[in-house]
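J.: Reading the sequence shown from the start, the letters are residues 1 to 143 in UniProt numbering. One structure, as structure tokens, below. Some questions next.
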Amino acid sequence: MAMFFDPFREMDRVAGQLLDSRQGPRLMPMDLYRDGDHYVLNADLPGIDPGSVDIDVDGQLLTIRAERTPRSQEGVKWLARERNGGTFLRQLNLGAGIDTAAISASYENGVLSVVIPVSEQAKPRKIEVQAGSPAATDVAVET
1 MAMFFDPFRE MDRVAGQLLD SRQGPRLMPM DLYRDGDHYV LNADLPGIDP GSVDIDVDGQ
61 LLTIRAERTP RSQEGVKWLA RERNGGTFLR QLNLGAGIDT AAISASYENG VLSVVIPVSE
121 QAKPRKIEVQ AGSPAATDVA VET
């Protein structure tokens with residue numbers, strides 16, 4: 001008897017298990033970049049109620065949680081249901097040089113944007129160079 005192995009079907013099965021809401025939080029895709037004196041994090045969270053988004057900072061750990069509740073419609077026959085409900089979770093280690101007290105967030109068109117400012121101490125700065133002769137010190141010499 002010949003066995004047939006379809007790697008794409010197997011990958012789909014594994015991905016389905018990883019994304020199953022009953023098995024724990026889902027990962028949210030995100031972009032992170034630095035723009036001048038702050039970092040910008042954009043996370044895709046389509047269909048999320050903004051009231052369900054929870055952002056915490058504990059020391060240098062930033063945690064983003066969101067919940068998508070499935071629509072329950074009685075008496076319908078689903079032909080396709082790929083947008084299941086569940087919890088989304090992302091954690092980032094911010095490291096030193098971040099002003100955690102000034103982090104802000106907004107949600108628009110299914111994208112959560114978190115602005116993470118760099119602290120004043122971590123910003124690049126110029127050191128002024130003094131021109132001229134060094135200050136002379138008077139030295140008294142006794143003979």
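The C-beta atom is built at its ideal place from N, Cα and C for all residues, glycine as well.
1) Checking 8 Å against the spacing of the C-beta atoms, do ALA105 and LEU94 come in under that value?
2) So, do the segment 74-92 and the segment 43-60 have three or more beta carbon pairs nearer to each other than 8 Å?
3) Which term fits LEU79, buried or exposed, when burial requires 16 or more other beta carbons within 10 angstroms of its beta carbon?
4) Note down the Cα distance separating SER21 from PRO29, rounded to an integer number of angstroms.
5) Going by C-alpha to C-alpha distance, which of LEU92, GLY110, ASN84, PRO117 sits closest to THR100?
6) Report buried or exposed for ALA43, applying the criterion of at least 16 other Cβ atoms within 10 angstroms of its Cβ.
7) Among the residues of its own chain, which have a CB less than 6 Å from the CB of ILE55, if the five just before and after it don't count?
8) Output the distance between the C-alpha atoms of ARG34 and GLY132, rounded to the nearest integer angstrom.
9) If you draw a straight line from the C-alpha of GLN60 to the C-alpha of SER119, how long is it?
10) Check whether the Cβ of LEU112 sits closer than 7 Å to any heavy atom of the ligand NAP, and report yes or no.
T.: With the given structure in hand:
1) The Cβ atoms of ALA105 and LEU94 do not sit closer than 8 Å to each other.
2) The answer is yes - the segment 43-60 touches the segment 74-92, with three or more Cβ pairs under 8 Å.
3) A residue is called buried when at least 16 other Cβ atoms come within 10 angstroms of its Cβ; LEU79 does not meet this threshold and is exposed.
4) Its pLDDT being 49, under 50, SER21 is placed unreliably in this model, and the coordinates cannot settle the point.
5) For the residues LEU92, GLY110, ASN84, PRO117, the minimum Cα distance to THR100 belongs to PRO117.
6) Buried, since its Cβ has 16 or more Cβ neighbours within 10 Å.
7) Its chain contains ILE64, ALA105 as the residues whose beta carbon lies nearer than 6 Å to that of ILE55, once the 5 sequence neighbours on both sides are disregarded; these appear in chain order.
8) Pairing ARG34 with GLY132, the inter-Cα distance amounts to about 39 Å.
9) Going from the Cα of GLN60 to the Cα of SER119 covers about 13 Å.
10) Although the ligand NAP was asked about, the structure shown includes no ligands whatsoever.
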